[in-house]
Structures are given as structure tokens and as C-alpha cells.
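Note that the protein sequences, when read in sequence, are chains S and A.
To convert, note that position 232 of the first sequence is 232 in the working numbering; the numbers rise steadily by one, no gaps.
Offset between the second sequence (1-based) and the working numbering: plus 354.
Working notes, beginning with the structure itself.
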Amino acid sequence: MAKVLMKGNEVIAEAAVHAGCKYFFGYPITPQSELVAYMARRLPEVGGVFLQAESEVAAINMVYGAAGTGVRVMTSSSSPGFSLKQEGISYLVGAELPALIVNVVRGGPGLGNIQPAQSDYFQVTKGGGHGDYYTPVLAPSTLQEIIDLTEAAFEIADTYRTPVILLGDGMLGQMMEPVEFKDLTEREPGQKEWATTGTRGDGKPRTITSLDLNADALEKRNEHLQKKFAMIRQNEVRYETYETEDADYIVTAYGTAARIAMNAIQKARKAGLKIGMIRPITLWPFPEQPFIETRDRVKGYLSVEMSAGQMVEDVRLAVDGRAPVSFFGRTGGVVPAQEEIYEQIVNISGGVEV
Amino acid sequence: MSMKTVFERTSGLTETQTHYCPGCTHGIIHRMVGEVLEEMDILEDTVGVASVGCSVLSYEYFNCDMTQAAHGRAPAVATGIKRVLPDRFVFTYQGDGDLASIGIAEAVHAAARGENITVIFVNNAIYGMTGGQMAPTTLIGQKTATTPFGRNAAVQGLPIRVSEMLSTLDGTAYIERVSTHDVPNIIRTKKAIRKAFETQKQGHGFSMVEVLSSCPTNWGLDPSESLDWIKDNMVPAYPLGVYKDSQKEAGQ
């Protein structure tokens, strides 16, 4: 297929349709509203259903109902609306229902603003709702990568029977880039024998629930979930490294911040500084391996985020005190400039010889 | 001497023993729903949605596929199911705390959209499972754990009449309020539930049956007194009858 110029939010929507998602339940919120509008036009063309819910709370529960029938289904929102979906996400995890939830992050807390941010990292990677759980979180940094990760998100969701979060930000959602939709390998959607579709032709009644009044039984259910999370940790970690082999210092960043940091790193390389990059693509499970492999030979790490310092906590856990970890971030919807990241790199490396 | 069967289990319910308190009418309402699903021969084509409250475990009692929804969200969950599977029967079974308090938005909007689902709304004017707190449907003067001096309109506001309210929405097709306080009313309850599922079968849109029900445990009354309490106190505040019948109004 030829390249097309599209807006990030629309790329997410088209990528989902491409991955076989025909059901969307959502609520308008800036800066992800183009996604909702795109689905409203697009889904009827593929015989699917678009429904604007009365609230984010209703939308995520419609997703819960649809997911229970075994179809690929999604919703999308931005930070304040994502908070409202947290109860529903906890239920999806508890009842083991696959679904895609998109969070196009904006400035917070509270109503915040509509500018790009990465300040929902804690919320999406540490559970977020009530109970012991994690959800896989995929964080693309280009519009082309959105396509790959949206498909991967549905695959992970179906494989592990879990909700998966695609984490963008206002900049990725609003920017335009040329993208190419490659033909997907035709795959038979696996039979979801647990789905509640009426029992005609398929035996005894089934129940979808997250309730277990017996403490021992609920503990067993939780152990089952924990085993699943361990499998996801083992199989689904994704990251990218750039010139880490000879690096004295490694910058780490994801999503939009990683794009800007990359330009700063390239400038630093030109100035003779040995700087590398680790770009987490899955934020949960967090890619610890590239940190473990480099922590005993680098002089330090710099985590660059559009937040007051959230991912840096996972970086410190992975580095485990074996190298200094610094942080640079802008908040409130301010996007860090390449120049200021460059200055940070120069500072931690002890300056550039001119 | 030949024996004649005069009473049987309905295949609409499982053989699981219910956890309901003695004298609670949830069991009767479950049976009416189960009998209707059996008689319409739609058990295998039905997905039910259990809510949060005393009836949370109804998924163990209805003999069909069931999904358990978050508190108040059953109509949204039912919407998700029905939009994917429009040829299946989808119903919710919700109490007054679930539907009229925390879930009122989902109930109103499912009704406004004319979702082709059936809502069984059990109104006993109190929160049962959490221990007898005030519900939106608690009567003026009624003592509960959170209105120990009786519900006072000036402090706690006035009860919500859900059937009357939802019947003002153009998306609703059939709405009836019935009661369980004696046999004739139980028979009318079953007829109303049948009518609601028939409405869904014909694709007319949102149907709801509000069933006045008892809560001997939290009302502090015995089962027989509870039935009298429904008749003497609830029925005057929540008049029985058909509030919406869009087909009849359309003269069909």
C-alpha cells in the first residue's frame, strides 16, 4: 500500500480497524477527539458499530459488555477521561476480558490543559485502578509505530485475555506524518470459548465476573493473574537502543520525549560526546534488560520526560544503584526543546571541549 | 394411582440454592424471569447482566449466559453486548441503589437511546446488601441506617419515581410498575416481564419492569408484615400500572 499523510489520532483509529476491531465506544475529549470522529465515519463502512457513550464511565462498561462477546473492541480518551475509566479497567482485568484502551495524555492534574504530557505514566504502569494488577502499556514514538503497536496491542489482549493500553500524548495525536498500512497476515481470530453469546449450540451457561466471595478462591484467582503478568513480563518486553555500545552516558525516554531526545543525542555525538539511548516501547512490562546490560559500564543515565519525574523511578529500580540516574522534565503541557535536553546532556557529561 | 405434576422447577433457573433472606421477594422475581425465558424458549439466546447489590449473585441462579457488571453500569454493559449481538436477548437485573442512584445516568441514556434491552428493576426502597442504608427510593419518614430519624425531604430530598421519569423519554417502548405483595400482583408481574421481553423480541426498544419488592431484614419486619408494608406504604408512593406502551399509543 502507498504512503498516506494522516493525523496521529486517525492513524490509531485506522490501525485498529486494520487489526480487525469493529466496535468502538467512546466520549469526546481533547486532544483525542479526531479518533472518535474518525471511528464514527469509518466503522459503519466495515459493518461495525460506533457509539458515543454518555460518559467515559459508560464507554468503558460498554467495552466490557462487548468484550464479553469475544469481539475486538476499543475505547479511547485523554487523561481526565482515562481516570474515569480506571474502575472499568480493573473490572476488565478481574474478569479477564481483552480490549484496547487508548490514552492520549494531556497536562494534569485535574482539568489541567489540552497540551501534550507524559504525566499519566504512574497511573498506567502501576495498575491505576483498585486491586493487584498491571496492564500492558505500549508507547509509540512515531505515527508508523502506532500502526505496528496497535496491532500488537490487540494480539497481546487476545493472547493473555487482558486490557492493553496504548499510550500517546497530545503531540502524537495531533501531528501529521506519512504512514503505510501494510497488509496483515490473515489470521483466524482464535475461538473465544469463554465468551457469553447465548448458549445455543455451545453447551452450558457461562459467566463473566470478577467477584469471588470466598477469600481462598479469590486468592487463587489472583495467583492466576500474577502468573499471567509474569508471562507477559517474560514475553512482551519491547524497547529500542541507539549507540549504547560505547556510550558513557545513556539518555532514556519514550514517546514524543524520545523523538526530541534523539535529536539532542545526535547533536551531542557530533560534538564528540558518547551518548546512547534506551527507548522503552513497553512501559509495563518495563524493559529492565538494557539497563542491566549497561549499568556496570556507563557513567550515568538521564531520564527525559514530559512529567515531573515518573519513569525515572523504574529506571532507578532497573539500574539498582549501580550508576547515577538524573532526570530532566517539563510539565503542564510544556514540550522540552531539543536545545535544553542537549544542555542537560552536556551538563551531566561534564561539558564539551570547544 | 397415578400422580399428576402440579408444580415444577423452571428450567430458567439453575438448581443453585439462593442466598436471599427469608421473606425477600427476589426469589419470586427471579422465578418469574426464569419462567418467561423458558416459556418464550429463549434461554439459549439470552445474555443476562447481573448488577451490584443483593442480586449480584443472580448470575449463579439464571440458567443462561451471564455477565456481572460494575455498580450501576449494567445498562452500559448490556448496550455493549446488544450492539454486538442484536439478535440475542439481553436483560439487566438491578436494584434501586444500583439503578436509581449510582447508575441513574446509564439507565437514563440506555432508555433515551432506545436500546433494545429489558431492564428488571427491583425496588425495595432500601440498600439491602450493605446493611439497610437510604436508597433514592426510600420513602419520606422511612428509617434506615443512614436516615436514623426517618428520611426528611428537607435534608435528604425526595424519592425518585423511576418508571414515571423514564417514561417521559421517547426512546422507551414499554414501562410498567408491578408488585410482589400478593398472588394476583405476582401473576401481573410475570405478565409484565413477558410483555417486556416480547417488546424486545419485536425490536421496539427499551423495556423496563419496576417490581416493588420486600426487605424484611432491613425493614425490621417479618415476611408477612413486609408484604403488608409494600401494599400500605410503597404502592401509594409508587402507583402500579403501565407507564409506557409505545405500540399501544401508536394504535398497533
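Idealized CB from N, CA, C, for every residue including glycine.
Any chain S beta carbon closer than 8 angstroms to residue i
i             : result
residue 463/A : yes
residue 510/A : no
residue 557/A : no
residue 451/A : no
residue 363/A : no
residue 419/A : yes
residue 626/A : Summary: the structure shown does not reach residue 626/A, with chain A confined to residues 355 through 606, and so no result is reported for it.
residue 372/A : no
residue 392/A : no
residue 346/A : As displayed, chain A neither begins before 355 nor continues past 606, which places residue 346/A out of reach and without an answer.
residue 385/A : no
residue 395/A : no
residue 597/A : no
residue 415/A : no
residue 564/A : no
residue 448/A : no
residue 410/A : yes
Terminal residues of the beta strand (DSSP E) in which residue i lies
i             : result
residue 141/S : Element bounds for residue 141/S: n/a, residue is neither H nor E.
residue 247/S : Where residue 247/S is concerned, there is no enclosing beta strand (DSSP E), given that its DSSP letter is neither H nor E.
residue 456/A : Premise fails: residue 456/A is in no beta strand (DSSP E) and is neither H nor E.
residue 443/A : 443-449
Which listed residue (the options) has its alpha carbon closest to that of residue i
i             : options                    : result
residue 99/S  : 140/S, 155/S, 47/S, 114/S  : 155/S
residue 226/S : 160/S, 60/S, 115/S, 314/S  : 160/S
residue 489/A : 473/A, 470/A, 510/A, 415/A : 510/A
residue 410/A : 168/S, 80/S, 212/S         : 212/S
residue 287/S : 265/S, 309/S, 240/S, 258/S : 240/S
residue 566/A : 546/A, 558/A, 555/A, 551/A : 546/A
residue 435/A : 585/A, 521/A, 399/A        : 399/A
residue 23/S  : 40/S, 48/S, 32/S, 64/S     : 48/S
residue 139/S : 129/S, 132/S, 152/S        : 152/S
residue 427/A : 69/S, 81/S, 60/S, 79/S     : 60/S
residue 19/S  : 157/S, 222/S, 29/S, 105/S  : 157/S
residue 97/S  : 341/S, 321/S, 208/S, 133/S : 208/S
residue 305/S : 298/S, 270/S, 341/S        : 341/S
residue 557/A : 440/A, 571/A, 593/A, 532/A : 440/A
residue 364/A : 543/A, 384/A, 494/A        : 384/A
residue 136/S : 130/S, 126/S, 143/S        : 126/S
residue 33/S  : 45/S, 11/S, 46/S           : 11/S
residue 232/S : 133/S, 339/S, 53/S, 323/S  : 133/S
residue 491/A : 465/A, 467/A, 519/A        : 519/A
Short CB-CB distance (under 8 angstroms) between residue i and chain A
i             : result
residue 66/S  : yes
residue 170/S : no
residue 62/S  : yes
residue 197/S : yes
residue 83/S  : no
residue 49/S  : yes
residue 88/S  : yes
Beta-bridge partners of residue i, as assigned by DSSP
i             : result
residue 109/S : Answer by DSSP bridge pairing: none, since residue 109/S is not bridged.
residue 519/A : Per DSSP, none; premise fails for residue 519/A.
residue 50/S  : 24/S
residue 82/S  : DSSP output for residue 82/S lists no bridge partner at all.
residue 176/S : 7/S
residue 588/A : In DSSP, residue 588/A forms no bridge with anything.
residue 159/S : Paired residue(s): none; residue 159/S is not in a bridge.
residue 279/S : 240/S
residue 103/S : 77/S, 167/S
residue 599/A : 528/A
residue 300/S : 249/S
residue 284/S : 137/S
residue 501/A : 498/A
residue 208/S : 421/A
residue 367/A : 416/A
residue 116/S : 106/S
Host alpha helix (DSSP H) of residue i (start-end)
i             : result
residue 71/S  : No alpha helix (DSSP H) contains residue 71/S, which DSSP labels as neither H nor E.
residue 379/S : Any answer about residue 379/S is impossible in this case: the structure gives chain S only from 1 up to 354.
residue 473/A : Segment 472-477 is the beta strand (DSSP E) holding residue 473/A; no alpha helix (DSSP H) there.
residue 223/S : 215-235
residue 269/S : 255-270
residue 125/S : 121-125
residue 42/S  : 33-42
residue 290/S : 289-294
residue 509/A : 507-510
Which residue spans inside the region 304-347 of chain S form an unbroken beta strand (DSSP E) run of at least 3?
Along the length of the region 304-347 of chain S, whole beta strand (DSSP E) runs at least 3 residues long occupy 325-329, reported in chain order.
List in chain order: all unbroken alpha helix (DSSP H) runs of 4+ residues lying wholly within the region 526-577 of chain A.
537-555, 570-573, all fully within the region 526-577 of chain A.
Beta strand (DSSP E) runs contained entirely in the region 381-432 of chain A, provided each spans 3 or more residues
Counting only runs of 3 or more residues that sit fully inside the region 381-432 of chain A, the beta strand (DSSP E) segments are 400-404, 419-422, in chain order.
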